[in-house]
């Protein structure tokens, strides 16, 4: 489950794009830089091989570690994409390109948001969408996409081979449901021009239990609430729990363990467009307690380079541990940690002045990212210290769910030092 947002004109006059990635709770997700070395041979995506293509652009990708593609990302010319699982009446295919694979291909090849729309349609026609996208439990679905560049944005919905898309006027948000009715700009040639795309294809039962209608409505309310958005307002949106419950599928900031169907926000991203685009990433569960760190398109020395994937995975795991410690008594811990987070987020915001970014070298821009990661480490250590004497509370189903997840986490961890740390802090 996920939620994706775009506003075309923010306080700065540029667009802002953001997404929460909601996945299985134990699935690590890294935010990584992938350079533009060309593919010479057949490309092995998550499930299928595809023809090599010219890799025109380097990208940042928020990537579940076992998948070839990613949940969300941006390329060096400013095309941003986030996808959503959508549940439809048409049978899902056992194999094909996952929606996340499709994001990677579109980012690596597209100069504009409209070009990305057409690329996604093209590769869906050529290879088809399909394959299990669940980490712990099998999950099959079709895909919708929110796509932006520095000027325009589109929503594209793919149901098997069929598509519909429309250009966005001011702002838009998507959740785990089809949203295009008969207001499309273009539709698959086999479909009637007067079709209601959502009504024609939606699986109402799965869509209802995803909580997506509530999240979609809440997201729209939050977008409408601000006259001019900023990175700060987008952090609030991604951190929002519109219900009174800590764990609910109806919250934009989603915590697992609230019911029989569960999903966890495992990473978040905000794109602050400008003369130099600032990419804000968490590599961390739960945006409410996560620090958004900045990075920029620089060079191969970017600290988020995929060549450093083991280090990036470890960072996610440490942030995950921090979250797991907090939820053992979230009523006592949350308020303290949110206050602490605010102080450390301000430290990160103060690392640079956006107006001066154009004057900075790649080395200086990379240092901002490194410094922000060091601030995060300090925040994490301080937070664990604050929560050290916090007593566990029994939240019945919620606690049972997380005890099982924690045991699974420890059983699967190969790093003995991390395993000892999990046991020490969680049991």
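Numbering (this note's numbering), first residue to last: 37 to 463.
Beta carbons are placed, not taken as given, at the ideal position from N, Cα and C, and that holds for glycine.
Each residue's CA atom was taken as its position, placing residue 316 and residue 167 some 30 Å apart. Under the DSSP assignment, residue 382 falls in the alpha helix (DSSP H) whose first and last residues are 366-385. Contact between the region 368-388 and the region 101-108 is absent: fewer than three C-beta pairs spanning the two stretches fall below 8 Å. By a beta-carbon distance limit of 8 Å, residue 333 does not contact residue 73. Their separation comes to about 16 Å.
By DSSP's assignment, residue 70 forms a beta bridge with 95.
One alpha carbon belongs to residue 51, the other to residue 206, and they sit about 10 Å apart. In this structure, residue 281 lies away from residue 251, with their beta-carbon atoms at least 8 Å apart. Residue 294 counts as buried, since no fewer than 16 other beta carbons sit within 10 angstroms of its beta carbon. Under the Cβ criterion (8 Å, minimum of three pairs), the region 74-86 does not count as touching the region 53-61. Only residues of its own chain outside the window of five on either side were considered, and among them 43, 46, 52 have a CB closer than 6 Å to the CB of residue 265, listed in chain order. With a threshold of 16 other beta carbon atoms within 10 Å, residue 118 meets it and is buried. Annotation: residue 322 is outside any alpha helix (DSSP H) and is labelled neither H nor E by DSSP. Cβ-Cβ distances below 8 Å link residue 229 to 223 in the same chain, with the five nearest sequence neighbours on each side left out; the list follows chain order. Residue 309 and residue 408 do not touch by the CB rule: their CB atoms are close to 19 Å apart, not below 8 Å. Taking 8 Å as the cut-off, the Cβ atoms of residue 192 and residue 140 do not count as close.
Here the region 61-72 lies against the region 351-360, with 3 or more beta-carbon pairs under 8 Å apart. The Cβ atoms of residue 255 and residue 209 sit closer than 8 Å to each other. Here residue 200 carries a strand assignment [DSSP, helix/strand/coil]. Of the candidates 160, 93, 271, 148, the residue whose Cα lies closest to the Cα of residue 40 is 271. In this structure residue 70 does not touch residue 352 by the C-beta definition: roughly 17 Å separates them, more than the 8 Å allowed. Three or more beta-carbon pairs separated by less than 8 Å link the region 85-97 to the region 133-148, which places the two stretches in contact.
Scanning its chain for C-beta atoms nearer than 6 Å, with the 5 sequence neighbours on each side dropped, one finds around residue 364 the residues 428, in chain order.
Secondary structure of residue 297 (DSSP, three-state): coil. The beta carbon of residue 180 lies closer than 6 Å to those of 120, 122, 193, 210 in the same chain, with the five residues before and after it left out. The continuous stretches of alpha helix (DSSP H) do not include residue 128, and DSSP gives it neither H nor E.
Excluding the 5 residues flanking it on each side, residue 269 has same chain C-beta neighbours closer than 6 Å at 262, in chain order. In the pairwise beta carbon analysis, the region 374-388 is classified as not touching the region 292-307: fewer than three pairs are separated by under 8 Å. Relative to the Cα of residue 114, the nearest Cα in the group 86, 102, 311 belongs to 311. Going by beta carbons, residue 248 and residue 124 fall outside the 8 Å limit. Per the coordinates, the alpha-carbon of residue 236 lies some 16 Å from the alpha-carbon of residue 177.
The beta carbon of residue 175 is closer than 6 Å to those of 169 in its chain, skipping five residues each way along the sequence. The beta carbon of residue 441 is closer than 7 Å to those of 61, 62 in its chain, skipping five residues each way along the sequence. Within its own chain, no residue has a Cβ closer than 6 Å to the Cβ of residue 456 once the five positions on either side in sequence are excluded. In the three-state DSSP reduction, residue 59 falls in the strand class (E or B). Linking residue 101 to residue 349 through their CA atoms gives a straight-line distance of about 8 Å.
With contacts defined by Cβ atoms closer than 8 Å, residue 93 and residue 153 do not form a contacting pair.
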